[in-house]
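Chains as they are written, first to last, in the numbering used here: chain A, 2 to 128; chain B, 2 to 128.
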DNA sequence: GAAACTGTATTAGTCATATAATACAGTTGT
DNA sequence: ACAACTGTATTATATGACTAATACAGTTTC
């Protein structure tokens, strides 16, 4: 079932470039399964207007997603998600490991034990 | 026992501003206990030379740490760490919660269960 | 007191991010 | 065919992070 990638629950935060936030949102959606092979992406103009950012910013995110082989664009036509199991698995592993390792490094540098780190995450999970 | 804050195991990564990385390193050292009240900080020039960055970048980090009340500087003299239990506790809670929440949000957006998230962190902890 | 260190300040320049305005090329739907 | 959408490209501008060079003020040490 082909649908349009929903950007409803995407909100811009500060701290990292917007084009990276858009890329991450798409990748996380792919891992979650809410974005599937063949799905249609909102046009650059539509999404930039929806997010309140410049079309060039969306274009940059889309272009880099295309360079990673996750979407395809052709002048004049809509852009579509291009996925297979291998890509999905790769992204899932990449993102999970990256996030986990970042957290672990921070916690270790603070001298926090594995047990306390896990317990804090467990406790804060529902919120 | 007063010593000089050690920046030996600090390495610059790309992705976030260097002055923020320096601030984070100091804060994590405070939480870990390797940085204590009264400790002496390397001078702006010495640290910038050690890290291979511009003195202004170190100055920005130090100035913001001073604005947070974690260090004190006086023209002509060295800069020192100024801590008490309340500050340490506040920083510890702030950092732990920030890191945990960031990880949780990412994992949730990927549709990863709490159990799998915890298990991944547990597995990657030793590395 | 003088040298050698401290912190602080200013000015100029580069680079990445993002905005703004505009233009052109190709498609889709009627 | 034509209108209304697509993607793509260019030029100009602004801001934050960072570099570079330099200057000045205050301290510590001998």
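Note that beta-carbon positions come from the ideal geometry of N, C-alpha and C, so glycine has one too.
Extent of the continuous beta strand (DSSP E) run through residue i
{"i": "residue 6 of chain B", "result": "Unbroken run through residue 6 of chain B: none, as it is neither H nor E."}
{"i": "residue 120 of chain A", "result": "Unbroken run through residue 120 of chain A is the alpha helix (DSSP H), 115-125; no beta strand (DSSP E)."}
{"i": "residue 83 of chain B", "result": "Where residue 83 of chain B is concerned, there is no enclosing beta strand (DSSP E), given that its DSSP letter is neither H nor E."}
Beta-carbon neighbours of residue i, restricted to chain A and to distances below 7 Å
{"i": "residue 110 of chain B", "result": "29, 33"}
Which listed residue (the options) has its alpha carbon closest to that of residue i
{"i": "residue 38 of chain B", "options": "B/18, B/81, B/64, B/56", "result": "B/81"}
{"i": "residue 30 of chain B", "options": "B/14, B/93, B/76", "result": "B/93"}
{"i": "residue 104 of chain A", "options": "B/113, B/121, B/49, B/10", "result": "B/121"}
{"i": "residue 67 of chain B", "options": "B/27, B/15, B/123, B/100", "result": "B/27"}
{"i": "residue 45 of chain A", "options": "A/57, A/3, A/35", "result": "A/57"}
{"i": "residue 95 of chain B", "options": "A/71, A/111, A/75", "result": "A/111"}
{"i": "residue 107 of chain A", "options": "B/89, B/70, B/98, B/106", "result": "B/98"}
{"i": "residue 115 of chain A", "options": "B/116, B/114, B/113, B/125", "result": "B/125"}
{"i": "residue 70 of chain B", "options": "B/4, B/9, B/13, B/24", "result": "B/24"}
{"i": "residue 87 of chain A", "options": "A/32, A/5, A/20, A/76", "result": "A/32"}
{"i": "residue 12 of chain B", "options": "B/48, B/5, B/34", "result": "B/48"}
{"i": "residue 8 of chain B", "options": "B/102, B/35, B/15, B/123", "result": "B/35"}
{"i": "residue 21 of chain A", "options": "B/22, B/21, B/16, B/20", "result": "B/16"}
{"i": "residue 3 of chain A", "options": "A/91, A/117, A/83", "result": "A/83"}
{"i": "residue 40 of chain B", "options": "B/52, B/113, B/85", "result": "B/85"}
{"i": "residue 63 of chain A", "options": "A/77, A/43, A/117, A/89", "result": "A/43"}
{"i": "residue 5 of chain A", "options": "A/54, A/90, A/102, A/72", "result": "A/72"}
{"i": "residue 100 of chain B", "options": "A/75, A/123, A/51, A/61", "result": "A/123"}
{"i": "residue 65 of chain B", "options": "B/53, B/19, B/113, B/52", "result": "B/19"}
{"i": "residue 128 of chain B", "options": "A/102, A/10, A/79", "result": "A/102"}
{"i": "residue 52 of chain A", "options": "A/14, A/117, A/91, A/113", "result": "A/14"}
{"i": "residue 76 of chain B", "options": "B/90, B/117, B/55, B/60", "result": "B/60"}
Within chain A, the residues that residue i reaches when beta carbons sit closer than 8 Å
{"i": "residue 104 of chain B", "result": "100, 101, 103, 104, 122"}
{"i": "residue 87 of chain B", "result": "The contacting residues do not exist; residue 87 of chain B stays about 17 Å from chain A at best."}
{"i": "residue 96 of chain B", "result": "107, 111"}
Within-8 Å CB hit, residue i to chain A
{"i": "residue 79 of chain B", "result": "no"}
Chain-ordered neighbours of residue i on chain B, where CB pairs are closer than 9 Å
{"i": "residue 115 of chain A", "result": "122, 123, 126, 127"}
Short CB-CB distance (under 8 Å) between residue i and chain B
{"i": "residue 42 of chain A", "result": "no"}
Proximal residues of chain B, C-beta to C-beta of residue i below 7 Å
{"i": "residue 119 of chain A", "result": "119, 122, 123"}
Residue range of the alpha helix (DSSP H) that includes residue i
{"i": "residue 43 of chain B", "result": "No alpha helix (DSSP H) holds residue 43 of chain B; DSSP gives it neither H nor E."}
{"i": "residue 68 of chain A", "result": "56-68"}
{"i": "residue 21 of chain B", "result": "19-33"}
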